[in-house]
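2 protein chains.
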Amino acid sequence: MSAQIFIFDTTLRDGTQGEGISLSADDKLKIAQKLDALGVHYIEGGNPGSNNKDIEFFKRVKTMKLNAKITAFGSTRRKNSVAEHDASLLRIIESGVPAATLVGKAWDFHVHTALQTTLEENLAMIFDSFALLKHHGMEAMYDAEHFFDGYKNNPEYALAALRKAQEGGADWLVLCDTNGGTMPNEIHEIVSRVKEELNTPIGIHTHNDCELAVANSLAAVQAGARQVQGTMNGYGERCGNANLCSIIPNLQLKLAYSCLQDDRLRLLTGTARYVSEIANVHMPVGQAFVGNAAFAHKGGIHVSAIMKDAKTYEHIEPELVGNKQRILVSELAGQSNIISKATELGLDITSNNEKTKLIMEQIKDLEHQGYQFEGADASLELLLRDAFTDVVQIFKVESFKIHMEKSNASMICEAIVKINVGGQIVLTAAEGNGPVNALDNAMRKALVQFFPRIEQIHLSDYKVRVIDEKDATAAKVRVLVESTGLDNTWSTVGVSSNVIEASWEALLDSIRYALLHMSKTTGDGTESEFVERLGLVNH
Amino acid sequence: MSAQIFIFDTTLRDGTQGEGISLSADDKLKIAQKLDALGVHYIEGGNPGSNNKDIEFFKRVKTMKLNAKITAFGSTRRKNSVAEHDASLLRIIESGVPAATLVGKAWDFHVHTALQTTLEENLAMIFDSFALLKHHGMEAMYDAEHFFDGYKNNPEYALAALRKAQEGGADWLVLCDTNGGTMPNEIHEIVSRVKEELNTPIGIHTHNDCELAVANSLAAVQAGARQVQGTMNGYGERCGNANLCSIIPNLQLKLAYSCLQDDRLRLLTGTARYVSEIANVHMPVGQAFVGNAAFAHKGGIHVSAIMKDAKTYEHIEPELVGNKQRILVSELAGQSNIISKATELGLDITSNNEKTKLIMEQIKDLEHQGYQFEGADASLELLLRDAFTDVVQIFKVESFKIHMEKSNASMICEAIVKINVGGQIVLTAAEGNGPVNALDNAMRKALVQFFPRIEQIHLSDYKVRVIDEKDATAAKVRVLVESTGLDNTWSTVGVSSNVIEASWEALLDSIRYALLHMSKTTGDGTESEFVERLGLVNH
Numbered sequence: 001m002s003a004q005i006f007i008f009d010t011t012l013r014d015g016t017q018g019e020g021i022s023l024s025a026d027d028k029l030k031i032a033q034k035l036d037a038l039g040v041h042y043i044e045g046g047n048p049g050s051n052n053k054d055i056e057f058f059k060r061v062k063t064m065k066l067n068a069k070i071t072a073f074g075s076t077r078r079k080n081s082v083a084e085h086d087a088s089l090l091r092i093i094e095s096g097v098p099a100a101t102l103v104g105k106a107w108d109f110h111v112h113t114a115l116q117t118t119l120e121e122n123l124a125m126i127f128d129s130f131a132l133l134k135h136h137g138m139e140a141m142y143d144a145e146h147f148f149d150g151y152k153n154n155p156e157y158a159l160a161a162l163r164k165a166q167e168g169g170a171d172w173l174v175l176c177d178t179n180g181g182t183m184p185n186e187i188h189e190i191v192s193r194v195k196e197e198l199n200t201p202i203g204i205h206t207h208n209d210c211e212l213a214v215a216n217s218l219a220a221v222q223a224g225a226r227q228v229q230g231t232m233n234g235y236g237e238r239c240g241n242a243n244l245c246s247i248i249p250n251l252q253l254k255l256a257y258s259c260l261q262d263d264r265l266r267l268l269t270g271t272a273r274y275v276s277e278i279a280n281v282h283m284p285v286g287q288a289f290v291g292n293a294a295f296a297h298k299g300g301i302h303v304s305a306i307m308k309d310a311k312t313y314e315h316i317e318p319e320l321v322g323n324k325q326r327i328l329v330s331e332l333a334g335q336s337n338i339i340s341k342a343t344e345l346g347l348d349i350t351s352n353n354e355k356t357k358l359i360m361e362q363i364k365d366l367e368h369q370g371y372q373f374e375g376a377d378a379s380l381e382l383l384l385r386d387a388f389t390d391v392v393q394i395f396k397v398e399s400f401k402i403h404m405e406k407s408n409a410s411m412i413c414e415a416i417v418k419i420n421v422g423g424q425i426v427l428t429a430a431e432g433n434g435p436v437n438a439l440d441n442a443m444r445k446a447l448v449q450f451f452p453r454i455e456q457i458h459l460s461d462y463k464v465r466v467i468d469e470k471d472a473t474a475a476k477v478r479v480l481v482e483s484t485g486l487d488n489t490w491s492t493v494g495v496s497s498n499v500i501e502a503s504w505e506a507l508l509d510s511i512r513y514a515l516l517h518m519s520k521t522t523g524d525g526t527e528s529e530f531v532e533r534l535g536l537v538n539h
Numbered sequence: 001m002s003a004q005i006f007i008f009d010t011t012l013r014d015g016t017q018g019e020g021i022s023l024s025a026d027d028k029l030k031i032a033q034k035l036d037a038l039g040v041h042y043i044e045g046g047n048p049g050s051n052n053k054d055i056e057f058f059k060r061v062k063t064m065k066l067n068a069k070i071t072a073f074g075s076t077r078r079k080n081s082v083a084e085h086d087a088s089l090l091r092i093i094e095s096g097v098p099a100a101t102l103v104g105k106a107w108d109f110h111v112h113t114a115l116q117t118t119l120e121e122n123l124a125m126i127f128d129s130f131a132l133l134k135h136h137g138m139e140a141m142y143d144a145e146h147f148f149d150g151y152k153n154n155p156e157y158a159l160a161a162l163r164k165a166q167e168g169g170a171d172w173l174v175l176c177d178t179n180g181g182t183m184p185n186e187i188h189e190i191v192s193r194v195k196e197e198l199n200t201p202i203g204i205h206t207h208n209d210c211e212l213a214v215a216n217s218l219a220a221v222q223a224g225a226r227q228v229q230g231t232m233n234g235y236g237e238r239c240g241n242a243n244l245c246s247i248i249p250n251l252q253l254k255l256a257y258s259c260l261q262d263d264r265l266r267l268l269t270g271t272a273r274y275v276s277e278i279a280n281v282h283m284p285v286g287q288a289f290v291g292n293a294a295f296a297h298k299g300g301i302h303v304s305a306i307m308k309d310a311k312t313y314e315h316i317e318p319e320l321v322g323n324k325q326r327i328l329v330s331e332l333a334g335q336s337n338i339i340s341k342a343t344e345l346g347l348d349i350t351s352n353n354e355k356t357k358l359i360m361e362q363i364k365d366l367e368h369q370g371y372q373f374e375g376a377d378a379s380l381e382l383l384l385r386d387a388f389t390d391v392v393q394i395f396k397v398e399s400f401k402i403h404m405e406k407s408n409a410s411m412i413c414e415a416i417v418k419i420n421v422g423g424q425i426v427l428t429a430a431e432g433n434g435p436v437n438a439l440d441n442a443m444r445k446a447l448v449q450f451f452p453r454i455e456q457i458h459l460s461d462y463k464v465r466v467i468d469e470k471d472a473t474a475a476k477v478r479v480l481v482e483s484t485g486l487d488n489t490w491s492t493v494g495v496s497s498n499v500i501e502a503s504w505e506a507l508l509d510s511i512r513y514a515l516l517h518m519s520k521t522t523g524d525g526t527e528s529e530f531v532e533r534l535g536l537v538n539h
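Protein sequence lines, in the order shown, are assigned to chains A and B.
In terms of the UniProt record's numbering, the first sequence opens at residue 1 and continues consecutively.
In terms of the UniProt record's numbering, the second sequence opens at residue 1 and continues consecutively.
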């Protein structure tokens with residue numbers, strides 16, 4: 001009964017225009033997978049005609065089995081040329097994607113000033129380019145750049161640009177508020193007019209320069225638009241693009257449109273936070289729907305009302321978008337997540353009420369210190385196993401030292417580590433190209449003689465995030481380490497105001513996790529025999 | 001001709017409900033002065049019945065000569081009591097402010113669930129409280145809590161609450177979207193109905209839980225509201241209050257309402273940043289109108305169009321709100337970005353074609369190594385100045401050493417730095433809670449004896465980003481440092497596979513930049529005299 005709205009995510013293209021946002025091809029592939037799991041309809045990957053990173057993305061994404069349509073981005077053909085020979089259009093076609101978006105001018109002022117061509121030539125550029133894409137059987141979307149500014153200046157020309165795209169065969173006419181300066185009432189009025197004039201489905205693409213991108217997207221949908229283009233967390237140039245993390249729940253929970261399948265909406269908070277981690281951009285605590293404080297209650301009156309009925313100060317149930325209520329005076333967060341995680345690990349936690357309480361307290365305390373277990377499953381598993389089973393530490397680091405010396409171009413970095421493995425003390429030293437690398441090398445050197453299979457483990461990702469950035473070089477940092485090997489990938493976390501100590505914690509957890517899982521594999525594992533011989537693991 | 005909209009700032013009251021925001025009485029007084037200079041009409045200082053901090057504020061603010069009306073906040077009288085004896089109402093009257101805002105229930109559900117009284121008693125509470133304030137000659141505003149939720153549930157009761165306040169003599173009926181869950185079209189419709197039903201001027205108070213607080217405030221004004229309540233930078237509980245920094249320019253520049261005097265609007269960016277500094281909350285670079293990236297251009301095509309006419313990609317002139325255009329230099333951008341940056345710095349680069357080519361190559365090479373100058377204006381400026389002018393290094397770091405030792409719970413971290421200032425060698429040592437902090441401390445200790453004003457500079461932000469994360473602990477990291485002081489904020493960058501070395505580079509650039517700008521200030525600067533005496537700066 002409710003109208004279907006198609007969600008077009010351009011985090012990987014327009015989102016990377018945001019200041020300080022830079023994504024590798026790997027990052028983009030990871031994000032694409034998450035967006036696909038969330039259930040967006042289109043994922044714009046980039047511009048296959050522009051750089052090697054995007055070319056690599058389009059090549060590799062084909063091997064992934066995604067439900068979302070991967071789309072490529074480009075411009076209408078160059079002026080005074082032939083679409084069939086346009087290198088950039090040809091790259092899009094060759095990239096093998098099922099759909100593409102072409103941006104083209106719709107504002108006469110831009111045709112004259114930026115493009116420096118005639119109004120007629122711009123219309124021809126639009127027609128030719130869409131005709132070419134349609135000839136190659138692609139789904140084709142027209143991003144009508146500056147459509148609203150153009151319409152306000154010269155409505156007939158702006159509509160003529162849309163008509164040319166429609167004549168060329170465009171499947172969607174996406175009206176762009178490129179400069180982000182249009183008011184919601186204008187958006188509603190202009191989209192309504194377009195809907196009267198043209199038959200092709202309409203999309204909306206807004207920017208947040210007036211802090212109105214979400215409202216403008218909603219106004220367009222209410223006037224008849226059926227596709228919304230935006231980015232996760234509103235990343236994008238200047239003040240950002242329209243934030244899909246707010247638009248989707250507003251459309252679905254408030255205005256009764258269909259966007260995602262209901263059960264997918266619960267993935268929203270997790271997806272938003274994942275993207276923020278990968279992009280290494282701090283998510284504002286107060287971000288609508290998905291922020292850590294979006295359902296946090298501080299005021300005493302608010303809290304006591306919330307205890308009576310959450311509806312008193314919550315506009316939706318936070319669980320609908322995968323977020324949770326937090327009471328800032330006495331945090332009760334995340335119990336259900338932890339219980340479900342423990343159950344998943346086969347730990348009998350319901351019958352251990354005292355232990356459950358203790359581990360909840362410990363996790364709450366760690367999160368307060370800056371730990372985040374959403375991106376560090378292995379560290380969370382170790383915490384839970386430590387609490388609910390009788391795992392004994394397989395090894396213990398007695399101490400470590402770092403020495404670094406720099407003068408002119410030369411630099412030395414050394415680490416000395418003292419490790420205790422089942423009562424046997426090992427002292428090793430190693431160099432590295434930085435202190436963390438030296439430490440990592442020294443620790444592996446010490447352990448590999450006991451656990452040769454450690455050589456098969458490598459660190460596949462390393463992230464540093466500053467918490468409380470205002471404390472500058474004395475600020476705490478959170479280090480996330482991803483390790484790969486033994487047919488598995490796992491992530492661990494460390495927090496300290498000392499980046500080396502935080503890295504060290506995460507490295508330690510990574511190796512502990514690996515040894516724990518080695519000890520459980522049967523057969524040829526000399527490590528597991530060693531571990532059993534020492535009686536180090538009792539379960 | 002254009003309608004006057006009254007701006008009611010509640011940064012000092014509702015804004016302090018935001019997570020992590022805490023203002024001393026001193027902070028509040030400083031902010032009140034800035035808000036008054038900006039020209040807002042009402043400044044809500046706090047609740048004189050609630051705590052000593054607010055009592056001190058109201059006492060001291062009376063001695064300041066402000067044009068804005070200082071207002072106090074409280075609730076309607078307690079249930080089953082007498083307004084004349086209500087301690088909290090009496091405190092408001094005693095505080096001596098000319099105006100006050102009382103919050104009172106307008107949602108029947110809240111009367112039953114939170115207040116736990118009858119609908120009639122709530123109406124009596126409203127009437128009695130306003131009658132008392134008016135009896136004492138105060139301007140009185142009714143913050144109708146949850147008005148929109150209440151109206152949707154029981155329109156007649158919500159309107160009855162407003163009528164009671166009007167009968168009690170309230171000067172303003174402020175409709176609150178307390179939970180932030182209402183859509184703009186609903187706001188427009190409900191405010192229009194209220195305007196038909198009642199004669200008292202209407203205000204609007206919204207929250208940002210759906211990322212719609214700005215749009216909702218505009219919709220209310222378009223439906224007839226004449227007072228807007230909000231906070232600077234949108235601070236407030238959960239997702240924040242309506243952001244006045246966006247609402248004011250939208251009303252004034254886009255919708256032709258009068259809010260501030262025209263020349264005051266230019267103070268907006270400065271005021272917003274000042275409040276963010278005092279509140280110690282990092283301002284998002286992409287914040288609309290006032291953010292550092294609000295008029296920053298990254299994409300090459302955008303930049304080349306901006307050079308032709310700024311209107312191509314700017315919805316307003318940034319100067320209207322006291323902000324400025326920035327051209328970001330990045331991998332996505334062409335040479336035009338660098339040339340315009342150099343021109344902005346007043347460097348004569350067109351006549352130095354050979355130098356221009358060289359610096360382009362150098363920047364390209366550095367970006368390839370992982371440097372990113374879009375977030376590091378100061379480092380870019382130093383590079384350009386080094387290439388195009390004859391700046392001499394004011395100081396040189398001969399060497400540094402780091403020693404770190406960890407065993408059990410104890411940890412030591414020390415740095416030794418050897419610096420050459422104009423031929424004079426200084427050796428200093430310092431501790432820190434991490435290696436970078438120790439290094440920072442040692443370097444400042446060495447330089448402060450030559451440049452005392454370095455004490456006025458502090459690092460306001462520190463970011464670490466791992467590049468090529470696949471190389472794990474041997475990966476390169478990029479460090480971005482933001483420094484504040486000398487009426488300025490600047491950012492610098494360092495890259496290395498050693499996080500300490502990268503931090504060191506960024507710290508070095510930060511201090512070089514500060515000294516360069518100190519040396520250009522005339523007058524009392526002992527550093528500039530020192531620098532000139534040594535002949536260290538030749539331009």
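Every residue, glycine too, gets a C-beta built ideally from N, C-alpha and C.
By Cβ distance below 7 angstroms, which residues in the same chain neighbour B:T312 in space, the five residues on each side in sequence not counted? As a first step, residue 312 of chain B is located in the second sequence; it is residue number 312 there, counting from the start. Cβ-Cβ distances below 7 angstroms link B:T312 to A305 and I306 in the same chain, with the five nearest sequence neighbours on each side left out; the list follows chain order.
Smallest Cα separation from A:E237: which of A:N488, A:Q17 and A:I500? Your numbering for residue 237 of chain A matches position 237 in the first sequence. It is A:Q17.
Name, in chain order, the residues that DSSP records as bridge partners for B:H458. Residue 458 of chain B sits at position 458 when you count from the first residue of the second sequence. When DSSP reads this structure, B:H458 sits in a beta bridge with B:T484.
Near-chain B residues of the segment 267-292 of chain A - C-beta to any C-beta below 9 angstroms: Considering only beta carbons, the part of the segment 267-292 of chain A lying closer than 9 angstroms to chain B consists of N280, H282, P284, V285, G286, Q287, A288, F289, G291 and N292, in chain order.
Ignore the nearest five residues each way along the sequence and tell me which others in A:V499's own chain have a CB closer than 8 angstroms to its CB. Residue mapping note: residue 499 of chain A aligns to position 499 of the first sequence, counting from 1. Answer for A:V499: V436, V464, V477 and V479, listed in chain order.
Using three-state DSSP, classify B:R77 as helix, strand or coil. Your numbering for residue 77 of chain B matches position 77 in the second sequence. Looking at B:R77 - three-state DSSP - the assignment turns out to be coil, as it is neither helix nor strand.
How long is the line joining the alpha carbons of B:D177 and B:I204, rounded to whole angstroms? Here residue 177 of chain B is taken as the residue at index 177 of the second sequence, counted from 1. Here residue 204 of chain B is taken as the residue at index 204 of the second sequence, counted from 1. Rounded to the nearest angstrom, the two C-alpha atoms are 8 angstroms apart.
A:Q362 lies in the alpha helix (DSSP H); which residues open and close that run? Counting from 1 along the first sequence, the entry for residue 362 of chain A is found at position 362. From DSSP, the alpha helix (DSSP H) with A:Q362 extends over N353 to Q369.
If I measure Cβ to Cβ from A:E405 and keep anything under 6 angstroms in the same chain, skipping five residues before and after, which residues do I get? Looking up residue 405 of chain A in the first sequence gives position 405. I412.
Top-ranked residue by Cα proximity to A:A106, from A:A114, A:V426 and A:A99: Here residue 106 of chain A refers to the residue found at position 106 of the first sequence. Of the candidates A:A114, A:V426 and A:A99, A:A114 places its Cα closest to the Cα of A:A106.
Taking C-beta pairs closer than 9 angstroms, name the residues in chain B that A:T117 reaches, listed in chain order. Along the first sequence, read from residue 1 onward, the residue named residue 117 of chain A stands at position 117. Chain B residues near A:T117: none, gap ~13 angstroms exceeds 9 angstroms.
Would you list the residues sitting across from A:R193 in a DSSP beta bridge? Walking along the first sequence from the start, residue 193 of chain A turns up at place 193. Beta-bridge pairing links A:R193 to no other residue.
Are the C-beta atoms of A:E314 and some chain B residue less than 8 angstroms apart? Here the question's residue 314 of chain A lines up with position 314 in the first sequence. Judged by the 8 angstroms Cβ criterion, A:E314 is in contact with chain B.
Cα-Cα separation between A:K69 and A:H41, rounded to whole angstroms: On the first sequence, position 69 is the one that residue 69 of chain A refers to. On the first sequence, position 41 is the one that residue 41 of chain A refers to. When the Cα atoms are used, A:K69 and A:H41 turn out to be separated by approximately 6 angstroms.
A:Y313 by DSSP, collapsed to three states: which one? As a first step, residue 313 of chain A is located in the first sequence; it is residue number 313 there, counting from the start. Annotated three-state conformation of A:Y313 is coil, per DSSP.
With 16 other Cβ atoms within 10 Å as the buried cut-off, status of A:K28: Here the question's residue 28 of chain A lines up with position 28 in the first sequence. With 16 or more other Cβ atoms within 10 Å, it is buried.
Quick check: B:R266 and B:A296, are their CB atoms within less than 8 angstroms of each other? The count along the second sequence starts at 1 and reaches residue 266 of chain B at position 266. The count along the second sequence starts at 1 and reaches residue 296 of chain B at position 296. It is not a contact, given that the beta carbons lie outside the stated cut-off.
Integer Cβ distance of A:G46 from A:L90, believed to fall under 8 angstroms: As a working mapping, residue 46 of chain A is identified with position 46 in the first sequence. As a working mapping, residue 90 of chain A is identified with position 90 in the first sequence. 16 angstroms between Cβ atoms; not a contact.
Just the C-alpha distance for B:I21 and A:D128, rounded to the nearest angstrom, thanks. Stepping through the second sequence from its first residue, residue 21 of chain B is reached at position 21. Stepping through the first sequence from its first residue, residue 128 of chain A is reached at position 128. Cα-Cα distance, rounded: 56 angstroms.
So what does A:F295 bridge to, in DSSP terms? Sequence index remark: in the first sequence, residue 295 of chain A carries index 295 (1-based). None, per the DSSP bridge assignment.
Would you call B:K298 buried or exposed, if buried means 16 or more other Cβ atoms sit within 10 Å of its Cβ? As a first step, residue 298 of chain B must be located in the second sequence, where it is residue number 298. In the assembly as shown, B:K298 is a buried residue. Its beta-carbon has 16 or more other beta-carbons within 10 Å.
Between B:G181 and chain A, is there a C-beta pair that is closer than 8 angstroms? What you label residue 181 of chain B is simply residue 181 of the second sequence in a count that begins at 1. Flagged as an interface residue toward chain A: B:G181, by a C-beta distance shorter than 8 angstroms.
Cβ distance (whole Å) where A:A294 is taken to contact A:N323 below 8 angstroms: Numbered from its first residue, the first sequence carries residue 294 of chain A at position 294. Numbered from its first residue, the first sequence carries residue 323 of chain A at position 323. In this structure A:A294 is in contact with A:N323, their Cβ atoms being roughly 6 angstroms apart against a cut-off of 8 angstroms.
Short check: CB of A:L244 to CB of A:M232, under 8 angstroms? Residue 244 of chain A sits at position 244 when you count from the first residue of the first sequence. Residue 232 of chain A sits at position 232 when you count from the first residue of the first sequence. Going by C-beta atoms, A:L244 is nearer than 8 angstroms to A:M232.
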